[in-house]
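Since the structure comes first, as structure tokens, the remarks are kept for the end.
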Amino acid sequence: FSMDVDTTAEERPKWDNKVQYLLTCIGFAVGLGNVWRFPYLCQTYGGGAFLIPYIIALIFEGIPLLHLELAIGQRLRTGSIGVWNSISPYIGGVGLASLTVSFLVGLYYNTILAWVLWYFFNSFQQPLPWSECPLNENRTAYIPECEKTSPVNYFWYRETLNITPAIEENGTLQWWLVICLATAWALVYICFIRGIETIGKAVYFTATFPYLVLTIFLIRALTLPGATDGLVYLFTPDVMLKNPTVWLDAATQIFFSLSLAFGGMIAFSSYNPQKNDCERDAVIVGVINSATSIYASIPIFSILGFKANSNYNDCLDKNILTITNAFNIGDQNVTRANYGSWIESLNVTNHKELESLNLQKCSLQTFLDESASGTGLAFIVFTEAVIKMPGSQVWAVLFFVMLFTLGLSSMFGNLEGVLTPLLDLHLVPKCIPKEAFTGLMCLVSFSIALIFTMGSGNYWLEIFNSYVGSVPLLIIAFFEITSVVYIYGIKRFSDDIKWMTGRYPNIYWQATWRVISPLMLLVVFVAYIVVQAQVPATYDAWNPNNVCISNTHIYLLYYYSIYFYSFTIFH
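This is the structure:
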């Protein structure tokens, strides 16, 4: 077996240098979730207190699994299907399941990049198109749908998605999204056309540029009024560690953030020379990924604090104007500073008149609580905050370029997790060049992803995001680690690592691989199933009143996804 591996090793492409490899792995791991998921979890689960379960999950689940994938790929020098077939033909389905997940995740992930491109193209307008409601056809008033919500929501749900009222109504293809989706896939293909030869060059930009933009945002955000409120809100500890959901979300976040079980890390490490310190690589990638999440949280919540402060002041100003007009008070008498005392005084002397004004409830805490994750953060909350910043076009362009480069690096890993196993198994006829096969895969993916550009596309994307890249990955990772430890053999695996790195895995690696990591994966999987079984299956359907509509079909898809991936693994 080892002779076969060594023979094919000479023919296998290699990274130009170690920096390319590390940047590619970091780019795959550091993605959109670091910017729009981790800060939200910190804010939701007690700020700095969330870092405790997060770091525990990183140490005992994330890094050990990452080390295992990098080591097994580097030793066997093949893609995910080839690795698990080599260990045992009975677990070859693990590689097939990884390939399937990478393919399906790539479909909707690149659709998000298409949305980012659409916002990027619109960021050059003056004023920004989501800063105010459009006029009706007669140009006599604003469009009622926009007035009932906000310009930011209207631009996202109507101008961008043109969303239907429910998932059962497909709607038509939105031509602007089709063009953006085609552009996104074309850019992925250009960067991926010759495999690691072109990926290795592209990551010099895609993996480093987001850090430059984050640093620029950090410097600017910390100078904005209200930035301190956002940071205090983010990092003020609120101990919630007794809540099991905190530990569940921390474990899943570190797991998905490191892009484990997709097969991409195995594929990337398979292009390494076999004499390489994969242990150090795993620690470097894991630490940089988590540090990036924390680093990204600071500018994000500084800007959200600025937005909350601006909304709070606008709320006070509207109430002050209403009060001065109603009670004929001088403009200089009621200010933000003495607003509270005026309200208390009028509540005593003119209670009924004050109550009839229906003043808005102005609370800074309430505005801070409006933070969101996922597309809500990127396309609604953050875009609204950018409007209020001087030079809003510049900041919008920088923000969406950063998101696109983050997502593009992750797409390299998703596509590699599909192409490498297929090419390694020689399932592609030799008459088809690799460049042509890559183009064919991108074309097929683009064609299937057109479902996300329809009026109901956002609903389908949310379902894919919730179920395709969650439970299946937990199942795959559990069988990965148990297969290496108990089928391939921990002694044999340790000998391989000694041969590759020059030292045996220490007691930390041994304990996590044998017991801790599999047990954590099993607990997280069971907890995830229990939590999902208790939560009604619903999705948010767009209408001006933001109504949440229940849909039982999501239950069917959820349980079907578990069955499908379990069946794939045990093929």
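Residue 1 is where the sequence shown starts when you use this note's numbering, and the numbers rise one by one after that.
For every residue, glycine included, the Cβ atom is placed at its ideal position computed from N, Cα and C.
Treat the numbers as computed from the prediction; the structure is a model and nothing was measured.
(Q) Quick check on DSSP: helix, strand or coil for T512? (A) helix
Q. With distances taken from CA atoms, which of N458, E416, A251 is nearest A57?
A. A251
Q | CA-to-CA distance, L99 to L473, given in whole angstroms | A | 11 Å
Q: Give me whichever residues DSSP pairs with R113 in a beta bridge.
A: Strictly speaking, residue 113 in this sequence is Leu, with Arg absent from that position. Partner(s): none; L113 has no beta bridge.
**Q.** Simplified DSSP state of D369, which is helix, strand or coil
**A.** coil
**Q.** Whether S257 touches G489 by CB criterion (9 Å)
**A.** no
Q.
Relative to the C-alpha of L104, which candidate in R492, L65, E462 has its C-alpha closest?
A. E462
Q) Taking the Cβ atom as the reference point for each residue, do I266 and L70 lie within a distance shorter than 9 Å? A) yes
Q | 8 Å contact criterion, which I87 and S483 should meet: CB distance rounded | A | 6 Å
Q) What does DSSP give as the partner residues of Y312 in its beta bridges? A) According to DSSP, Y312 bridges with nothing at all.
**Q.** DSSP three-state assignment for T349, whether helix, strand or coil
**A.** helix
Q | Own chain partners of D249 with C-beta closer than 6 Å, once the 5 adjacent residues on each side are dropped | A | L41
Q) Which parts of the segment 489-543 are runs of the beta strand (DSSP E), unbroken and 3 residues or longer, counting only runs that do not cross its ends? A) As far as the segment 489-543 is concerned, its whole beta strand (DSSP E) runs of at least 3 residues are 538-540.
Q: Report the option in S310, L212, M441 whose CA atom is closest to the CA atom of P390.
A: Its Cα nearest to that of P390, the residue S310 stands out among S310, L212, M441.
Q. Any idea what DSSP makes of R12, helix, strand or coil?
A. coil
**Q.** Y90 in three-state terms, based on DSSP
**A.** Of the three classes helix, strand and coil, the one that applies to Y90 here is helix, per DSSP.
Q: Helix, strand or coil for L135, going by three-state DSSP, please let me know.
A: strand
**Q.** Which listed residue (F121, F60, Y45, W15) has its alpha carbon closest to that of A396
**A.** F121
Q. On the three-state DSSP scale, how would you describe Y45?
A. coil
Q. Looking at C-alpha atoms only, which residue of Y119, T324, V246 is the closest neighbour of F400?
A. That would be Y119, whose Cα lies nearest to the Cα of F400.
**Q.** Beta bridge counterpart(s) of Y142 as assigned by DSSP
**A.** Paired residues: L135.
Q: Kindly indicate the opening and closing residues of the alpha helix (DSSP H) around E480.
A: 471-483
Q. So, A261 versus V101, is the Cβ gap smaller than 9 Å?
A. yes
Q. Taking F209 as the reference, which of K498, P505, N338, L23 has the closest Cα?
A. L23
Q. Pick from S259, L66, I475: whose alpha carbon is nearest that of S410?
A. S259
Q: Count the other C-beta atoms from every protein chain shown that fall within 10 angstroms of the C-beta of H67, then say buried if there are 16 or more, exposed otherwise.
A: By the 10 Å Cβ count, H67 comes out buried.
**Q.** DSSP state of R194 mapped onto helix, strand, coil
**A.** It is coil, neither helix nor strand.
(Q) Contact defined as beta carbons within less than 8 Å: I believe Y189 pairs with G439. What is the distance between those atoms, to the nearest angstrom? (A) At roughly 6 Å, the Cβ-Cβ gap stays under 8 Å, so Y189 and G439 are in contact.
Q | Best match in A202, R75, R158 for proximity to G407 [C-alpha to C-alpha] | A | A202
Q | CB of Q74 within 9 Å of CB of N289, strictly | A | Not closer than 9 Å, so no.
Q. Between A207 and V19, what straight-line distance do the alpha-carbon atoms span, to the nearest angstrom?
A. 11 Å
Q.
Quick check: what's the CA-CA separation for Y576 versus Q125?
A. Summary: the structure shown does not reach residue 576, with the chain confined to residues 1 through 571, and so no result is reported for it.
Q. Taking Cβ to Cβ, would you say T501 is nearer than 9 Å to E279?
A. yes
Q.
Using a Cβ distance threshold of 8 Å, determine whether the segment 436-455 contacts the segment 173-185, with at least three qualifying pairs required.
A. yes
Q: Helix, strand or coil for G455, going by three-state DSSP, please let me know.
A: coil
Q.
Does the contact criterion of 3 or more C-beta pairs under 8 Å hold for the segment 412-426 versus the segment 178-187?
A. no
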